[in-house]
Every structure is written in structure tokens, then in C-alpha cells.
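Scroll down for the structure; my scribbles are underneath it.
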Amino acid sequence: MSEDYIKKFEEAKERIIRAENSKELEEIKREVLGKQGFLTQLLRSLGKLSQEEKVRLGRLANEWKETLEKLYEEKEKELKYKTLQNKLYQEKIDITLPGRKKITGKIHPINQVIEEILSVFKEMGFQVVYGPELETDYYNFTALNIPEDHPVRESHDSFYIDKEHLLRTQTSPVQVRVMEKKKPPLRIVAPGKCYRRDMPDATHSPMFHQIEGLAVDTDITFAELKGVLTIFAHRLFGKDRKVYFIPSYFPFTEPSAEMYVECGVCKGEGCKACGYSGVLEILGCGMVHPQVFRVVNIDPEIYSGFAFGMGPDRIAMQIYGIDDIRLFYENDVRFLNQF
Amino acid sequence: MLISYRWLMDYLKEEVPVKELVNALRNLGLYATIQKEIGKNWSEILIGEIKDINKHDKYDHLLVCSVDVRDKNLTIVSGAKNINIGDKVPVALPNTQILGETLDKRDFGGVISEGMLCSEYELEFSDDKEGIMILPQDFEVGSKFSEYFGNGDYLIEIEVPSNRGDCLSYIGIAREVSGYFGIPLNFEYKKPKDSSYSIKEFADCEVWDYELCPRFTLKFIKGVKIGPSPLWLRWKIERVGLRSINNVVDVTNYIMLETGQPLHAYDFDLIKGGKLIVRRAKQGEKIVLINGEEKELDENVLVIADVERAVGIGGIMGGKETEINDNTKNVLLEAANFMPVNIRRSARKLGLRTDASLRFERGVDIYKTAEILDYAAEMIRLVAEGEISKDKIDLNQGLPPLPKIFLRPQRVNKILGTELKEHEITEILSKIEFKVISHNPILEIEIPSHRQDIKEEIDLIEEVARFYGYNNIASLPLQKGMIVDPPLVEEILERKIRVLLSDLGLYETINFSFMSYEDLKNSGMLDTSPFNNYISIQNPLSLENSVLRTSLLPSLLKVAQTNNNRQNKDVFLFEIGKVFYKNNNDYIEEKHLAILLSGEWYTNPWNIPYEIRKVDFYDIKGIIELLFDKIWGIKPDFLNSTYSFLHPLRQSNIYLNGEIVGYLGEVNPWITQEMDLRERVYFSEINLDKLNFVKEKAKYKPIPIYPGIKRDLALLVPEDMQVVNLENIIRKVSGNLLKNLSVIDIYKGEKIEEGYKSITFSMFFVSEDYTLTDNEVDDIIKNILLNLSEIGVYLRQK
Ligand SMILES: [Zn+2]
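Chains S and F supply the protein sequences, listed in that same order.
Following our numbering, the numbering of the first sequence begins with 578 at its first residue and continues without gaps.
Following our numbering, the numbering of the second sequence begins with 21 at its first residue and continues without gaps.
Given below as C-alpha cells:
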């Protein structure tokens with residue numbers, strides 16, 4: 578075993594490490610590890626040696642071979658990486674150009690708001706239900722404790738189809754229809770269109786939307802009414818907004834209330850957006866009137882409940898800063914596209 | 021109702037700062053807003069006496085006055101025509117703010133004016149701009165205007181709930197404020213200074229209809245002096261927007277504002293026969309009212325009449341012929357109670373909403389009629405002199421005792437979620453004049469006569485809540501759990517459809533449910549049932565909105581038109597909404613989905629060829645197919661239809677299990693051209709009520725492990741033949757080895773025989789059990805071609 582082989586081994590290692598491209602590397606591989614390579618020569622020359630030497634040098638030759646092969650593989654990977662890297666640097670693009678998108682449309686802003694409102698109540702266990710828009714006088718008024726001679730029943734407020742049928746003026750009849758069919762406990766929200774004989778102007782539309790809510794169980798209290806609707810207001814408008822309940826009058830609830838939320842623009846100081854009142858009217862609500870329960874054969878001595886109704890059109894106007902309700906029903910695509 | 025803050029404060033033993041008052045009223049459910057602050061400068065206005073008046077040297081229309089304001093005489097130039105030496109007048113000194121502007125010393129042609137004589141308008145005292153305000157002689161020279169009229173005032177608008185007629189009065193509102201703050205009321209009805217004569221010596225009265233007029237009272241005031249009202253009276257009624265007429269009429273208005281009881285004063289000498297009769301009007305009976313209008317009446321209107329004619333419409337407005345006038349000597353004063361519903365109906369029918377009718381509609385306290393009558397007579401005597409009859413006429417059929425209602429304290433807490441003690445509840449109720457009659461075992465409460473809205477226990481609970489304060493009641497999440505009902509299919513569908521279609525590039529619209537007959541006609545739907553079985557609105561706002569829509573087509577066409585007129589001819593729209601129609605005697609209401617496409621779909625990525633393409637039938641059909649697949653997981657059938665509002669050869673019904681669930685097609689260009697729509701319009705309408713189910717959960721099928729074989733087949737097909745015929749044959753012959761069949765090319769023109777078109781199908785065959793061979797597929801293709809040849813379809817030779 579000569580110094581010569583050791584030198585050749587060291588030299589081979591050096592050459593692999595220094596190889597600059599894959600062509601050179603392949604060449605070195607052939608020269609070093611190929612049939613003409615010094616390792617082959619070394620193994621061939623073993624025949625003349627003693628058994629002991631044979632074993633020792635054989636093992637050494639194999640160790641060298643493994644070392645060189647490993648070096649080769651590492652080098653090969655390194656060179657491949659470099660080649661790819663070089664290629665990638667030829668592939669410059671302008672990342673500020675716009676991406677390719679599918680053209681998409683929009684869900685109507687009112688339905689977006691309705692969806693958002695409903696989702697809050699759905700999380701609190703309310704089921705979304707629907708009712709007819711062409712209603713009977715009975716469900717729209719009588720069953721809701723609005724007697725025959727009540728002012729809101731005057732035909733100038735409602736669109737009548739015939740003596741008994743009208744376009745519902747509120748979503749409240751859905752309450753009655755649900756309570757007729759199902760027994761408590763009940764938690765429902767009913768979105769839908771309503772109709773009143775208002776000449777259209779910036780704040781009135783003869784067709785508009787309402788969301789009605791109802792919860793009935795054995796021990797529902799006014800405190801829970803406040804709680805549920807406060808959670809709702811905080812979810813929709815933000816937790817920092819103050820919520821107020823002030824007494825109001827509706828024939829089908831008692832005690833009745835209106836819920837106001839502190840104006841988001843002026844934080845209660847009063848500004849143009851809130852008509853200088855510092856608050857925004859969000860919804861009407863109250864404890865279900867015992868008379869409404871009696872009509873649907875629910876015993877008001879056992880059950881209590883609360884109901885509420887709100888106008889998503891108005892809420893959408895507040896959320897989006899829209900000052901004319903008629904825009905919603907004009908459906909100018911440039912308007913719809915903004916939401 | 022508009023009220024004066026100062027006037028309201030007269031009825032309370034302690035003054036409440038205006039901001040606290042507004043807050044309190046809101047907390048009580050009487051939503052209040054300060055509308056205007058007036059007279060901020062009244063403490064700077066002095067009372068002056070005019071000592072001398074001279075004409076200005078240079079200007080004819082100006083007067084130079086010398087005005088005594090105690091410390092000194094001021095020289096003041098004025099253009100007024102109503103002033104005389106000796107008049108007491110309000111004087112503003114320089115630097116005072118008048119109507120938002122600072123008053124300066126001014127030079128009028130060499131005469132320096134050291135102040136200004138003020139009109140009522142300039143002091144925000146009333147709307148009277150004519151002349152200088154002349155003050156009573158007993159006002160002290162040099163004292164401040166505010167000493168007589170207060171330190172300014174606020175006008176507060178209060179929204180009174182429709183069940184609270186009692187709050188259409190200062191006393192009613194003061195009562196609420198008194199209960200809220202625990203401040204005692206400062207008011208009592210004055211008793212009249214009676215003389216010795218009886219009303220019956222002069223006047224007589226009969227009520228013929230006690231249902232419409234349950235109480236009618238009269239008092240006589242002899243020898244009044246009609247004249248202008250004293251300043252304090254004018255001030256009060258004019259400030260809240262009423263017009264001052266004369267002292268007697270002003271008192272009746274004053275007391276109506278104060279108590280909520282409307283009154284009417286007649287010139288007794290003009291009443292024929294000296295007798296009033298409360299009766300229904302005769303059909304066609306006419307009356308000229310004090311506002312000068314003549315009204316024709318019918319039998320549902322209650323009138324106050326003398327022996328010959330109607331002299332007033334009960335509870336609404338008095339008649340011209342018997343009104344108080346400058347010559348009136350003897351006044352017959354009426355305080356009555358009328359049936360609210362009838363007042364409302366009559367007022368509406370006659371187009372007369374008056375301050376009186378508003379109050380009677382909401383309900384006036386029937387127990388106080390006579391007391392207020394006495395009080396009003398005394399007030400008339402105080403401002404217009406005269407002698408009051410010692411007695412009155414009071415016609416009624418007996419007043420029932422005040423109602424009593426039971427109230428269970430635990431019920432209060434059960435409804436409100438509070439923990440109020442019995443004594444806390446009774447304290448709250450007594451503050452607002454509810455009387456606790458007994459409290460064992462439950463409370464029995466006597467309802468004060470002015471609270472006609474309190475009818476049952478829950479009404480009392482609301483009163484407790486109001487005065488305990490809604491803000492003091494806790495705010496809790498729902499305390500009990502429940503098994504929540506699953507979402508309705510209807511809700512799931514609506515939401516999914518909205519998301520899918522908007523993601524596909526469509527804009528959701530919401531349109532009115534009403535349209536006009538013309539819209540229906542213009543949409544070409546008049547000859548097609550059920551679209552022509554429309555329902556009419558009895559009392560529409562206008563003809564444009566007089567018919568309920570039977571289809572969503574007219575609405576969406578109008579939206580397309582609106583957008584077209586605004587230079588947007590590319591519209592991709594949808595709507596989910598109700599349609600309504602008649603079916604025999606039933607009203608049908610259905611939830612529909614409609615899609616409208618018109619104009620150009622475009623894609624404009626910057627580095628692939630810019631593509632603009634007009635939408636066509638296959639775009640809308642593609643959307644419908646995708647919709648059915650994604651939402652319901654089904655393939656509907658498309659079969660020929662014959663709607664006249666659609667293009668005769670480009671339309672189809674959509675069938676599901678043999679039932680029509682909708683239609684699609686190109687809107688007949690004859691219709692769209694009439695609407696000036698420049699592009700072809702494609703439309704589809706689907707009845708969602710017939711599709712009220714959700715997609716079934718998919719069943720897993722193993723992915724084929726054996727390789728499949730793909731074949732393309734170019735066929736020569738007679739021009740009129742529909743693809744569906746070819747597909748049916750191919751599928752039938754191929755059996756279940758055919759996994760995919762699609763049209764990849766349609767070609768007409770060069771190299772294709774006249775009367776034919778070329779259709780290329782792509783097919784993919786796979787077996788689940790073994791590897792298919794080419795021979796096997798060749799056999800299938802041969803078989804397909806054989807079968808196709810029977811309907812005249814051949815393999816296309818290149
Ligand atoms: Zn604000």
C-alpha cells in the first residue's frame with residue numbers, strides 16, 4: 578500500500594468538492610469511481626497481497642468508495658440546486674399586475690344585512706321561519722290585539738286586496754301562525770317583506786323589510802328581552818355602543834319598549850347622522866301581550882315571552898351610510914356593486 | 021305635541037332643568053326633543069317708556085324716539101307705525117343678540133340710534149312681525165323683560181303614544197314628570213264665582229245619541245266683554261303654534277292645552293230657539309265651519325244643532341254662524357265627551373283633523389268634564405268679565421264607578437325579572453295617582469279616571485316597569501335551555517342560491533311586489549295563465565303599482581331597462597321573491613327565483629386574448645343546470661315550450677319528475693325592442709316552492725382501478741335534429757360502460773353537406789371489473805353507429 582493511493586484518494590476528494598458543473602462532476606465520477614478509476618486498480622492489485630493485507634486494504638478501499646460516492650451525491654444535489662436557482666432568476670414577473678379573477682356579482686345589501694342579523698339570533702337558538710305576504714285581516718290585526726276600530730287598521734295605511742285580505746303591514750302575523758302550530762318553548766325569527774301605503778320618499782317605501790322575533794317559555798322575563806337584544810346590538814354595532822330601552826306602545830306587547838343604540842358617528846353627542854338626538858332607533862320590542870297568547874290557546878299564566886321587530890332597510894341605511902331608501906329598490910348595478 | 025318648557029314648569033312645585041326633563045320624558049316613553057331655545061336674550065331686554073316721538077329730518081319713514089329706561093333717556097330710531105308717546109316697549113341695547121346677530125349703535129342720517137325697539141318676532145316671542153310689541157302699562161320702566169316672561173324658554177316636541185290621550189295636555193305630562201321625580205303637582209281646577217241665575221232661564225239641551233256622546237255639559241256666561249287676550253294668555257297659546265282669536269276663544273284653547281279637554285263657546289244669542297240638540301246629522305245636511313269651509317254631512321256624523329240647523333260638528337269643529345264674535349254678549353260654554361272611534365272616522369271622512377278631534381280620538385277623561393267646564397267658565401270670567409250661571413246642564417247616562425284591577429306582586433317580578441317588594445310596587449303606583457284599595461292577599465288597585473288605557477293586570481305591570489325604570493331592570497341572557505329546531509329547508513336553499521348565483525357573476529335585486537297592468541301587458545304575459553290571473557290592489561298608491569306581480573319577469577325587465585338608460589347594457593341579475601295569482605277563488609302565493617342575462621360577458625386578463633362575448637341561450641341554460649346540480653343535486657329535463665313572451669324557437673320548460681318547475685328562454689325581441697333594450701335578453705323563472713328539498717348526501721363510488729378508453733366520434737347529423745336524440749341512443753347502446761359523454765364541437769359550413777351539421781362527441785368507457793379492450797369499445801361504437809344510421813346520422817368522413 579503506497580502513499581500514492583492515499584494521495585490519489587485525497588486528490589479525488591478535492592476534485593469532487595471543487596467541481597463546478599454537472600458535466601465536470603460526471604467526468605470526475607467516471608475517472609475516479611469508473612472501471613479505470615484508481616479504486617478499481619487498487620482492488621485489482623490486492624490479489625498479490627497476504628490475506629491479512631487483503632482484508633485490511635479491501636475494507637479501506639470500500640470506505641474510500643463510500644466516502645467518495647457520498648461526496649459525489651452531495652455535490653450533485655448542490656449543483657442541481659444551483660442550476661435551478663439560475664433558471665429561476667431568469668423568470669422575473671411583475672407582481673404588481675392584477676391577478677386574474679372570475680367576475681362575480683353581489684348579494685343585495687338588504688339581504689346581506691338580514692343574513693347578518695339572523696346569524697346572531699341563530700347562534701342564540703332562534704329558528705328562521707317565514708310567513709305569507711298576502712295576509713288575512715285576522716292574522717295581521719285581530720290576533721295581534723289590534724281591534725276592529727284601531728287607527729292602524731284604517732285602509733289608508735294598508736294595501737287591501739279585498740275585505741279580508743291585505744298585504745301584511747308587519748311580520749308580526751308570523752308570530753301568531755307559529756304559535757298556532759307549535760307549542761312552547763319557541764324561539765323564532767321571521768324575516769320578510771312588508772307593505773304600507775306610504776308615498777315613496779327618502780325615508781319611506783311602500784314595500785320594505787322587517788325581521789320579527791319571538792321567544793316563549795315558562796319563565797321568560799323582560800330582563801331576558803333586554804339581555805338578548807343587547808347582545809344583538811353589540812354584535813351588530815360593536816360592544817362599545819351604549820344600548821337604551823325606553824317605554825313604547827304596541828298593541829301586541831306589554832310592557833313595550835323601543836331599543837336605541839348610541840350614535841356611532843357622534844358617540845351620543847348629537848350630530849346630523851342621528852338627527853342631533855345622539856341615538857339611533859333600532860327596534861321595537863316587548864313582552865308578548867296576554868291577549869295574544871289567549872288567542873292562540875297558550876296559557877299566559879304558565880307561559881311568558883318576548884317579541885321584537887326591526888327594519889333591516891333602516892339598519893342597512895345606518896350601517897352603509899345610505900340616505901335614500903329608494904336606492905335599494907332601484908337596483909342600479911353600480912349601487913349594488915358597492916356592498 | 022309641542023310644549024313650552026316654562027309653561028310645563030308652572031304645574032310642578034319644583035323646577036326641573038330642561039335636559040333632565042327631556043331625559044325623564046324619554047325614560048317614560050314620551051320621546052322628547054328640544055326643538056328650539058328662545059328668548060336667551062330676555063334678561064338683557066329692558067322695559068322702556070316712549071317719552072317723545074319726532075320725525076327724522078332726512079328720512080320720512082323713520083321716527084326718532086326718546087325712550088326712558090329708568091337710568092337714562094335713549095335716542096332710538098325706529099320705522100314702526102304703531103307706537104305712541106307713553107307706550108311701554110321692549111328695548112334692546114347695543115351688543116344684545118337679536119335673532120343671532122349682534123346689535124350695534126347705528127347712524128341713521130346723522131342720528132345715532134342707541135338701541136332698538138323690538139317686535140314680538142325679534143324677541144322670538146311670537147311670529148308677529150307687524151310693529152313694535154306694546155307692553156301692558158303696569159310693566160315697570162327699567163326692569164327686565166325676563167322678569168315678566170321668564171328667562172327664555174324651550175320648545176319641546178313630545179311624541180305621545182297613541183294610547184296615551186291623557187298626555188295630550190300639560191297636566192298629563194306634568195303628572196308623569198311629577199311621578200318620575202317625586203315632585204308634587206302644582207295645580208287645581210279653579211271653582212267658578214257663581215252668580216244667582218240659573219242656566220235654565222236661558223238655555224235648554226237634549227242629547228239624542230248617548231252612544232256617540234256619553235256626556236254633554238253646558239254653562240252660561242252672561243255679559244262678557246269680547247276683546248283681545250291679555251299678554252300672558254296670548255303668549256302661552258301662540259308659543260305652541262295656536263292663533264290668538266279673542267279672549268273667550270283663547271281661554272277655551274288654553275284650557276284644552278292645559279287639561280286635554282276640548283271646549284266650545286257659542287254666541288248664545290245666535291242659537292235659534294235657545295236650545296242645543298246633540299244628534300246625528302241628516303243625510304246631506306250642510307254646515308259652514310269656523311274655518312270657512314262648507315261640509316256636507318251624513319248620518320254617521322254627530323252634530324250639535326239648534327232647533328233649526330247644525331251649529332257644530334261634535335268634537336271636531338264649531339260652526340261659523342254661532343261662533344264668538346266682537347258683538348257677542350252671552351256665551352254658552354260646552355264641555356263634552358265623544359266616542360273616539362266615531363270622531364276618528366268623521367274627522368277622516370271630512371278631512372278635518374283638529375286639536376279637538378285629536379284629543380277625542382285618543383280618549384278624554386269623562387269624569388272630569390263638569391269640573392273642567394266650571395274651571396273654564398271661571399277663566400273666561402277672569403279675562404272677559406261676565407256672570408257665570410250658578411248651575412250647569414250635565415247630560416249623561418250615569419258614570420260607572422272607577423275600574424279596579426287586581427295585581428299580584430309576584431306576577432310583576434315574574435314578567436319583569438325583578439325582585440320588587442310589595443311596598444315598592446305600591447309606592448310606585450301611588451306616585452302616579454293609582455289607589456291601593458286592599459292588599460290582602462293580592463293588591464287591588466283603583467285606576468284614576470284619566471288613565472283609560474289601563475285595562476288589565478299587565479297594564480299595571482308596565483306602569484311599575486316604567487316608573488321603576490327600564491334602565492334599572494337587569495339585562496340577562498336567556499336563562500333556560502331548549503332543544504333548538506333545525507334550520508328550515510327554505511332558509512338553507514335561499515342562502516345557498518344567493519351565494520352561488522352572486523359568485524357566478526349575478527347581482528341580486530329586490531323589486532316591489534306590485535306592478536301595473538301595463539307592465540304585464542308590455543311583458544307579453546297577458547295571454548298566458550297563470551300570469552294573467554293577476555290580483556288587483558283595491559287601494560293602490562298609483563296605477564303603476566296596482567297589480568300584484570304574477571311573474572318576476574316584468575320587474576327584472578324594468579331593472580334591465582333602468583340600467584340600460586344609465587349606460588349599462590350588460591346586466592346579469594337574479595331575484596328571489598313572491599308572486600301572486602288567482603286560482604278560481606283562491607289566492608296563490610309562490611316563492612320564485614328568476615335570472616336575467618343580457619349584454620356581454622367579458623373576461624379581460626391582460627395577457628390572454630381579450631374576450632367579449634354576447635350571452636346567449638346556452639349561458640342561461642348552463643347557469644340553470646349548474647344551479648340544479650349544486651343546490652338540488654339533480655338534472656332537470658328541458659322540453660319544448662310555447663310561451664308567447666319568449667322567442668318561439670329558443671325556449672324550454674324545466675321539468676322535474678314530469679312536472680314543470682320553471683322555464684327559460686330568450687325574451688321575445690318584440691318585447692325587449694319595445695322597451696328599448698338594445699341587447700337580446702335571456703330569462704329563466706323557477707318555482708322554488710316545488711323544489712323545497714336539499715341535495716341528497718352523495719354515495720361514495722369506488723374510483724375505477726382499471727384503465728378506460730376515450731373515443732371521439734364526429735357525426736353528420738340532419739340540421740334540425742336535437743342533440744338529446746343522439747345522446748339517448750348513445751347511452752342506451754353503451755350501457756353502463758359509458759362513464760362520460762359530452763359534446764365537444766358543433767360545426768356547420770364548408771365541407772359539410774347542405775342540410776347537415778357536424779357534431780363531435782367525446783366518450784369515455786370504463787369497466788369496474790376488468791380492463792376494457794379496444795376491440796370491445798370498437799364493437800360498441802359500431803353498434804352506436806348502426807343505431808344512429810336508423811335516424812339518418814352517419815359517421816363524418818374526413
Ligand atoms: Zn350622532
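A virtual CB, placed ideally from N, CA and C, is assigned to each residue, including glycine.
Item                                                                                                                     : Value
CB contact below 8 Å: M535(F) versus chain S                                                                             : no
V484(F) versus V432(F), I467(F), D696(F), R515(F), residue with shortest Cα-Cα distance                                  : V432(F)
Check whether E831(S) and V856(S) have beta carbons under 8 Å apart                                                      : no
Contact shell at 5 Å, judged by CB to any heavy atom of ligand 1, ordered along the chain                                : C840(S), V842(S), C843(S), C848(S), A850(S), C851(S)
Reduced DSSP secondary structure (H/G/I, E/B, other) of A404(F)                                                          : helix
Near-chain S residues of the segment 424-444 of chain F (beta-carbon distance less than 8 Å), N- to C-terminal order     : K434, I435, L436, G437, T438
Any C-beta of chain S under 8 Å from that of I555(F)                                                                     : yes
Below-8 Å beta-carbon distance, M701(S) vs any chain F residue                                                           : yes
R586(F) at chain S interface by Cβ criterion, 8 Å                                                                        : yes
Under the three-state DSSP convention, the category D863(F) falls into                                                   : Because chain F here runs from 21 to 818, residue 863(F) falls outside it and cannot be looked at.
Backbone CA spacing between D91(F) and L175(F) [nearest angstrom]                                                        : 34 Å
Within 8 Å, strictly: CB atoms of I557(F) and S543(F)                                                                    : no
Start-to-end residues for the alpha helix (DSSP H) that takes in G199(F)                                                 : 190-201
CB contact check: A485(F) to chain S, cutoff 8 Å                                                                         : yes
Cβ-heavy atom distance, G162(F) to ligand 2, below 7 Å                                                                   : Ligand 2 is not among the ligands present in this structure, which contains only ligand 1.
L645(S), DSSP secondary structure in three states                                                                        : helix
Neighbourhood of Y853(S) by C-beta distance below 6 Å, restricted to the same chain and skipping five residues each side : G847
Minimum Cβ-Cβ distance from V579(F) to chain S less than 8 Å                                                             : yes
Helix, strand or coil at C840(S) according to DSSP, with G and I counted as helix                                        : coil
Distance CB(S189(F))-CB(E278(F)) smaller than 8 Å                                                                        : yes
Within 9 Å of chain S by C-beta, residues of the segment 491-510 of chain F in sequence order                            : N491, I493, A494, S495, L496, P497, L498, Q499, K500, G501, M502, I503, V504, D505, P506, P507, L508, E510
Ranges of the beta strand (DSSP E) found wholly within the segment 412-499 of chain F, counting only runs of at least 3  : 413-416, 424-427, 455-459, 463-466
Opposing strand residues paired with I70(F) [DSSP bridges]                                                               : V87(F)
Cβ-based contacts, 8 Å cut-off: residues of the segment 42-60 of chain F near chain S                                    : R46, N47, L48, G49, Y51, T53
Buried or exposed by the 16-neighbour rule on C-beta atoms within 10 Å, applied to V268(F)                               : buried
Contact between the segment 778-795 of chain F and the segment 756-765 of chain F (3+ Cβ pairs under 8 Å)                : yes
Residue span of the alpha helix (DSSP H) that contains S377(F), given as start and end                                   : 375-382
Amino acids of chain F, ordered along the chain, whose beta-carbon sits closer than 8 Å to that of N688(S)               : R518, E528, I530
Reduced DSSP secondary structure (H/G/I, E/B, other) of M776(S)                                                          : coil
Alpha-carbon spacing of G332(F) relative to M21(F), whole angstroms                                                      : 25 Å
Within 9 Å of chain F by C-beta, residues of the segment 588-619 of chain S in sequence order                            : none
Buried versus exposed call for A779(S) [16 or more other C-beta atoms within 10 Å across all chains shown]               : exposed
Local Cβ density within 10 Å of Y638(F), reported as buried at 16 or more and exposed below that                         : exposed
Continuous beta strand (DSSP E) stretch holding I896(S): start and end                                                   : Counting along the chain, I896(S) falls outside any beta strand (DSSP E), though it belongs to the alpha helix (DSSP H) covering 889-897.
Short Cβ contact (8 Å threshold) for L619(S) with A589(S)                                                                : no
Per-residue contacts from V591(F) into chain C (C-beta, under 8 Å)                                                       : Absence of chain C from the displayed structure is noted, the protein chains being S and F.
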